[in-house]
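Q:
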Amino acid sequence: MTGFGFVTSLALAYAGWTALSIGMDRHYADIHGRGKEPDQKTRNVCRLMGTIALLLTFAVSVRLQGWTVGSVLCLGTMTAGALMLVLLLTYAPQRAIGFGKLAGIAAVILGVVWLAW
Amino acid sequence: MKEGFRQSMAWLHTWSGLLVCWVLLLVFTAGTSAYYRDEISLWMKPELHEAAASPVPNTVAIENAIRMLEKDAAGVSRWFINAPSDRNPAVSVGWSLPPAPGEKGRGKFVRHELNPATGVPLAEPRETRGGEFLYRLHYDLHYMPAKWARWIVGFCAMFMLAAIVSGVITHKRIFKDFFTFRPKKGQRSWLDAHNALAVLALPYHLMITYTGLVTLMFMYMPAGVDAVYKGDQKAFQADVFPAAENKKPAGKPAPLAPLGPMILQAQKHWGGGEVDRITVNNAGDANATVNISRQQGQKLSYLRQAVQFDGVTGAMTSTTGDTPSGAAESRGVLMGLHLASFADPLLRFLFFLCGMAGCAMVATGALLWAVKKRQEAAKVLAKGGKVGFGLRLVEGLNLGAIGGLPIAYAAYFWGNRLLPVGMEKRIDAEISWFFIAWGVATVIGLVRPTRGMWQIMLGIGGAMFMALPLLNVFTTHSHLGITLLQGKGPWPVVGFDLFALVFGFFLLYAVRHLQKKKSALKPVAKARPQAKPTVPTVDSDELVTREAT
């Protein structure tokens, strides 16, 4: 089922970008209120989680379509995920964390369904 | 370099981008639509919609085609079958008739699209170039020799490449502003949008521009080939694109071996994979040959494998494209990335999405220049000066390109539905609808580049796109009511109609957005003079002196 696999990787990319953005000053302040800054620990955790999620996006894409086409698919998925996040951060920044978590959970569930299929 | 590195790159980015942005917008929009050129062609031939809705396995379609050929094309020496693919469900057959007495060379070429399920030729569809026109438009332009057009497009693509690289260098906050878009802030919003669209789809923009240049590299950079082959293009072609030799007919009749086992043998040789095209030469002759090529499938490179057979014994004689050289494969991959024929529906959509991001990047870049200059001009205007010719020209061309192109595309599709099916030179008429609509829009844009005119143009474009599915109700038997609501398909046609609705809606939303901005601006402008007296005049004087110190 490529459909499940694709949605998994899209959710992973979205969640990954979300984690990376929350660790950044501007978006942290947009979400938590003006002037708030993330502490070093939050920053590191966000970056680590974001990086892992994006690496997983790549892994899922490669498993879906092989090393060559999979790499192309991974870049496209990451672009799509990032564009969605930009829209959310612009118009509903306070929802970003919730949606990011939701995407992360969805990725796990869909990923399991996809692998078990 | 009179300024710092980054400033000079900013200069390069601005001017290399601005100079070619309107041609680039045409190339980007046409190229992006070409990802769906088969689907657009299908949409533009409503006569084929019914057959497209009932796909059958390839083997069945090929068998049906062979049966049709045996019946209708018996005695013909050279013929081919194009197998159905995921995107083009029809199977097509063709053959060349024996040359008429007194005529030299090959005879007339006959081509039919067949219903894959029955092998019966489909009703001749209306004359249209469909998506093929848009595909050609993106590198051959129109109304000029292809060679000139390719040089123009190549020139623009080279500028685009320079603009991308210099744009990345000049974008200081590329990581800090990665996800940033701040709406309703005038120039800042345009810059944010331009940056986000450029950065988030950067791999795509770089890839498509570079590989676009690679597709025509033998034309743009002929020196290498000339040096090695001393101008012998034929020898070069034979080396780079190996093809099976065509034997001359022996003149002795011999029956053609059955094709089925050959197809199986070819597939066994490839280790799976679907057949793309079967070509038979000298059928019925002792020197008959059969060439079977493979569909590209999930491979980046656009180079195709093929297997040749002896047409009488059915034995495999040679193969091509199994082990391409490193250079050929590299070029094949770069070409393949540009054409994206390996992409399944999901990946194709992502390519399309990135292509649209590219269109929007070019458009926002062009607008950004005008917005910036307009702000500078506002000061000049306040002093009683005039808006410069350059700014006026750019504003006019922006309106003509960004506001006019949607109208042009919509006019092309309207022309397809409204022009009488049997009319003379129908293909040219459809295409002229595209250019007349665009030309009129550009002239109007140049004459009156105002906010109201933006609203009118975007409004017309939006209304024309949204009305396309409605137009289908009156002009075809495959409108959304049947294809979507009754679930009869074909799904590419559904997709086209839905996209037209969404895109049209988006344009109309832009009109509304402009309206809101206009009404939001007015009260402020009115309120200002009233607000002024409340500010104590003494204070403002004080403020000035304070600031000065």
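First to last, the protein sequences are chains Y and U.
FYI, my numbering numbers position 23 of the first sequence as 23, with every residue one higher than the one before it.
For my numbering, count along the second sequence from 1 and bump the result up by 117.
Using N, Cα and C, we set each Cβ at its ideal position, and we do this for glycine too.
Given the structure is predicted, the values throughout are model-derived calculations rather than measurements.
1) Three or more C-beta pairs under 8 Å: does that hold for the stretch 74-82 of chain Y against the stretch 450-470 of chain U?
2) Just the chain Y side, please: which residues come within less than 7 Å of F298(U) by C-beta, in chain order?
3) From the DSSP secondary-structure annotation, give me the bridge partner or partners of E78(U).
4) Please specify which runs of the alpha helix (DSSP H), each continuous and at least 4 residues long, are wholly inside the stretch 406-471 of chain U, giving them in chain order.
5) Roughly how many angstroms separate the alpha carbons of W67(Y) and S9(Y), rounded to a whole number?
6) Between V479(U) and the rest of its own chain, which residues show a CB-CB distance below 7 Å, the 5 nearest in sequence each way excluded?
7) Checking the sheet assignment: what are the DSSP bridge partners for F197(U)?
8) Would you report the Cα separation of E241(U) and V538(U), rounded to the nearest angstrom?
9) Which term fits L48(Y), buried or exposed, when burial requires 16 or more other beta carbons within 10 angstroms of its beta carbon?
10) F582(U) and G621(U): beta carbons closer than 9 Å?
11) Tell me the rounded alpha-carbon separation between Y321(U) and H455(U).
12) Starting from the C-beta of K490(U), find all residues in its chain whose C-beta is less than 7 Å away, skip the five residues before and the five after it, and write them out in chain order.
13) Under 8 Å by Cβ, that's how I've got A315(U) and L239(U) pegged, so tell me the actual separation to the nearest angstrom.
14) Using alpha carbons as the reference points, say which of V7(Y), T51(Y), N44(Y), K36(Y) lies closest to W119(Y).
15) Tell me, to the nearest whole angstrom, how far the beta carbon of L522(U) is from that of W550(U); I am working on the premise that it is less than 8 Å.
16) Buried or exposed, going by whether 16 or more other CB atoms sit within 10 Å of the CB of V345(U)?
17) May I have the straight-line CA-CA distance separating F197(U) from T600(U), to the nearest angstrom?
18) Exposed or buried, what is P609(U) when buried is set at 16 or more other beta-carbons lying within 10 Å of its beta-carbon?
19) For the 8 Å Cβ check, are there 3 or more pairs between the stretch 372-389 of chain U and the stretch 419-427 of chain U?
20) Do you know whose CA, among L278(U), T176(U), P359(U), lies nearest N445(U)'s CA?
21) Going by C-alpha to C-alpha distance, which of T287(U), A383(U), A310(U), A279(U) sits closest to L484(U)?
22) Please state the DSSP three-state secondary structure of P370(U).
23) S21(Y) touches chain U at which residues, Cβ-Cβ below 7 Å?
24) Checking 9 Å against the spacing of the C-beta atoms, do A400(U) and G368(U) come in under that value?
25) With a threshold of 9 Å between beta carbons, is A29(Y) in contact with chain U?
26) At 7 Å on the CB atoms, spell out the chain U contacts of Q94(Y), in chain order.
27) Quick check: is the beta carbon of R26(Y) nearer than 9 Å to any beta carbon in chain U?
28) For G163(U), does the three-state DSSP call read helix, strand or coil?
29) Where does the unbroken alpha helix (DSSP H) through G569(U) begin, and where does it stop?
30) How would you write the range of the alpha helix (DSSP H) that S202(U) sits in, first residue to last?
31) If we ignore side chains and look at the alpha-carbon of each, how far apart do L231(U) and W212(U) end up?
32) In chain Y, which residues lie with their C-beta within 7 Å of the C-beta of F459(U)?
33) If you reduce the DSSP assignment to three classes, tell me which class D402(U) lands in.
34) Mapping the DSSP letters down to three states, classify P320(U) as helix, strand or coil.
35) Using 9 Å as the limit for Cβ to Cβ distance, is K293(U) near chain Y?
36) Just to confirm, is the Cβ distance from Q415(U) to D343(U) under 9 Å?
A: Well, looking at it:
1) yes
2) V86, T90
3) Residue 78(U) is absent from the model: chain U starts at 118 and stops at 666.
4) 443-456
5) 15 Å
6) C138, L141, L142, F145
7) G211(U), T396(U)
8) 11 Å
9) exposed
10) yes
11) 10 Å
12) L508
13) 44 Å between Cβ atoms; not a contact.
14) No information on residue 119(Y) is available, as it lies outside the stretch 1 to 117 that chain Y covers here.
15) Not a contact, Cβ separation roughly 14 Å.
16) exposed
17) 32 Å
18) buried
19) yes
20) Sequence inspection shows Ala at residue 445(U); the Asn mentioned does not correspond to that position. Minimum Cα distance to A445(U) is reached at P359(U).
21) A310(U)
22) strand
23) F296
24) no
25) no
26) What Q94(Y) touches in chain U: nothing, since even the nearest Cβ is about 15 Å away.
27) yes
28) The sequence given here has Pro at residue 163(U), not Gly. The answer is helix: DSSP assigns P163(U) an H, G or I state.
29) 568-592
30) From DSSP, S202(U) is part of no alpha helix (DSSP H); its letter is neither H nor E.
31) 14 Å
32) V69
33) strand
34) helix
35) yes
36) no
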